[in-house]
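Positions in the sequence shown are counted from 1; adding 1 to them yields the working numbering.
We treat Cβ as the ideally placed atom computed from N, Cα and C, and that holds for glycine.
This structure is a prediction, so every number in the text was calculated from the model and none was measured.
What follows is one structure encoded as structure tokens, with my remarks underneath.
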Amino acid sequence: MQKRVRNTFGKGTGGARRFEYDDLAIATGNFSDDRKLGEGAFGVVYSGFLKRLEREVAVKKIVRESSQEHKDFFAEVSTISEAKHKNLVKFFGWCCRGHSWNILRFMCSCLWSNNNKELFLVYELMKNGNLNDYLYKSESAAVLSWQTRYKIAKDIGSGLLYLHHECYPYIIHRDIKPGNVLLDDDFNAKLADFGLSRVANPNNATLKTTAIGSQGYIDPQCMKDGEVSFNRNSDVYSFGIALLEIVCARKHREQIWGLYKSGGDVVEAADSRLAIGVDGAERREMERAIILGLWCSVFETKHRPTMLQAMDVLERDAQLPDLNLIVNSNLSSTDASSSSPVEKRYDSEEAPLVAGSSSSQLAGR
2 MQKRVRNTFG KGTGGARRFE YDDLAIATGN FSDDRKLGEG AFGVVYSGFL
52 KRLEREVAVK KIVRESSQEH KDFFAEVSTI SEAKHKNLVK FFGWCCRGHS
102 WNILRFMCSC LWSNNNKELF LVYELMKNGN LNDYLYKSES AAVLSWQTRY
152 KIAKDIGSGL LYLHHECYPY IIHRDIKPGN VLLDDDFNAK LADFGLSRVA
202 NPNNATLKTT AIGSQGYIDP QCMKDGEVSF NRNSDVYSFG IALLEIVCAR
252 KHREQIWGLY KSGGDVVEAA DSRLAIGVDG AERREMERAI ILGLWCSVFE
302 TKHRPTMLQA MDVLERDAQL PDLNLIVNSN LSSTDASSSS PVEKRYDSEE
352 APLVAGSSSS QLAGR
């Protein structure tokens with residue numbers, strides 16, 4: 002597969018442009034509450050119509066209270082301004098109130114710990130909101146059909162495959178969850194919220210950092226003593242949990258694993274709202290998606306698939322492994338005095354299937 006080489010930092014903007022603050026204020030009704038789409042620890046997002054682009058947009062007003070948030074903002078701009086894919090939310094540009102900086106000057110300002118400038122990012126507006134609301138929160142939202150859910154799963158996988166295998170250096174998203182999956186008018190899914198993303202060092206496959214991410218989606222294998230060692234396997238784990246949620250909603254992973262381990266019908270764990278009108282072929286897709294979700298989230302990282310393998314399962318009907326053999330091979334190498342199977346080494350608060358703690362248009366966390 003040909004890798005798409007990302008531009009060297011500061012030499013390209015990926016088509017991003019600088020916007021005037023007054024234009025953003027007009028577009029969002031002076032950032033009025035009735036235009037607010039959501040908010041997280043990193044920003045507040047507003048909808049608006051931007052005359053310069055002649056289209057509706059999502060404007061993210063950055064909230065920064067620490068040096069870490071400066072770094073998160075820097076990460077989001079540097080990643081999303083260069084990464085281009087149909088399953089990544091489209092980035093249009095930036096604004097720093099009161100300054101006419103170019104992209105390099107603007108991004109350097111993000112790292113100044115004493116910088117109190119008002120910063121904004123402009124994205125395409127995803128009118129159908131985020132996946133989390135459709136799975137859990139919105140009572141008025143229509144129940145997503147299996148065909149739509151399966152397409153969303155493949156869209157998420159396609160976006161991750163691009164980040165992991167078509168970018169060089171590859172990109173680790175680090176916060177894959179339904180709340181960070183946005184849906185357009187046709188329910189095409191796009192990954193959003195790159196505030197935690199990091200570009201990997203090609204000479205070092207693992208990125209060490211403080212514990213970060215969303216509870217329930219962080220790979221339990223990579224957490225130790227408050228430090229997290231992230232790599233592509235960490236994103237694969239989060240994708241597996243998200244995939245299980247797409248099919249099964251609030252079911253715990255261990256409940257689903259219990260069905261698989263005992264030779265039961267894993268489709269019994271599927272969201273009960275999917276039971277109506279599902280034919281045999283769709284039922285098989287559901288079964289394979291569930292097993293893939295379990296495979297992506299096995300405890301031992303070495304046994305997880307890559308996103309290339311995961312997409313082969315979703316799109317090309319590739320063969321799935323026997324997960325019981327994987328678990329048994331792990332058991333044979335563990336201390337004989339341990340009575341807990343490897344799959345039981347998950348803490349119930351580390352790997353349950355739960356809704357994202359916050360969900361919004363690009364606000365994310």
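Arg19 has Trp95 as its beta-bridge partners, per DSSP. Contact between the segment 85-101 and the segment 118-129 is established, with three or more Cβ pairs separated by less than 8 Å. Residue environment analysis places Gln222 among the buried positions, since at least 16 neighbouring C-beta atoms fall within 10 angstroms of its C-beta. In the three-state DSSP reduction, Lys303 falls in the helix class (H, G or I).
Under the DSSP assignment, Ala243 falls in the alpha helix (DSSP H) whose first and last residues are Arg233 to Cys249. Under the criterion of beta carbons closer than 8 Å, Cys96 and Tyr22 qualify as touching, at roughly 6 Å. In the DSSP assignment, Phe50 is bridged to Glu57. Beta-carbon to beta-carbon, Tyr47 and Phe92 are separated by about 16 Å, too far to satisfy the 8 Å threshold. The three-state reading of DSSP puts Gly259 in helix, counting H, G and I together. Assigned with DSSP and collapsed to three states, Ala142 falls in coil, not helix or strand.
Nearest Cα to Tyr151 within the set Ser235, Lys128 and Arg284: Arg284.
Between the alpha carbons of Ser239 and Tyr137 lies a gap of roughly 18 Å.
Shown here, Tyr124 sits in a strand according to DSSP, grouped into three states.
Residues of the same chain with a CB within less than 7 Å of the CB of Ile257, apart from the 5 flanking positions on each side, are Leu245, Cys249, Val267, Ala270, Ile291 and Leu295 in chain order. Straight-line measurement puts the Cα of Gln148 at about 11 Å from the Cα of Gly278. Boundaries of the beta strand (DSSP E) harbouring Ala190: Ala190 to Leu192, taken from the DSSP string. Nearest neighbour of Arg251 by Cα position, chosen from Asp272, Gly241 and Arg289, turns out to be Asp272. Here DSSP, grouped into helix, strand and coil, assigns Gly39 to strand.
DSSP places Ile177 outside both helix and strand once states are collapsed to three, so it counts as coil. From the listed residues Asn181, Val144 and Ala143, the smallest Cα separation to Gly160 is found for Asn181. For Ile219, the secondary structure class from DSSP, reduced to helix, strand or coil, is coil.
With fewer than 16 other Cβ atoms inside 10 Å of its own Cβ, Tyr169 counts as exposed. Ala17 and Lys87 have their C-alpha atoms roughly 16 Å apart.
Annotation: the continuous beta strand (DSSP E) that includes Val182 extends over Val182 to Leu184. Between Thr302 and Leu38, the alpha-carbon positions lie close to 36 Å from each other.
Going by beta carbons, Phe32 and Gly94 fall outside the 7 Å limit. Distance from the CA of Val314 to the CA of Glu288, rounded to the nearest whole angstrom, comes to 11 Å. Looking at Leu164, Arg175, Asp186 and Lys178, the one whose alpha-carbon comes closest to that of Gly130 is Asp186.
Judged by DSSP secondary structure, Thr149 falls within the alpha helix (DSSP H) whose first and last residues are Trp147 to Leu162. Secondary-structure assignment with DSSP links Ile63 through a beta bridge to Gly44. In terms of CA proximity to Ile177, Ala193 leads the group Met312, Thr307, Ala193 and Val60. Spatial neighbours of Ala319 in its own chain (CB-CB distance under 8 Å, excluding positions within 5 residues in sequence) are listed in chain order as Gln310 and Asp313.
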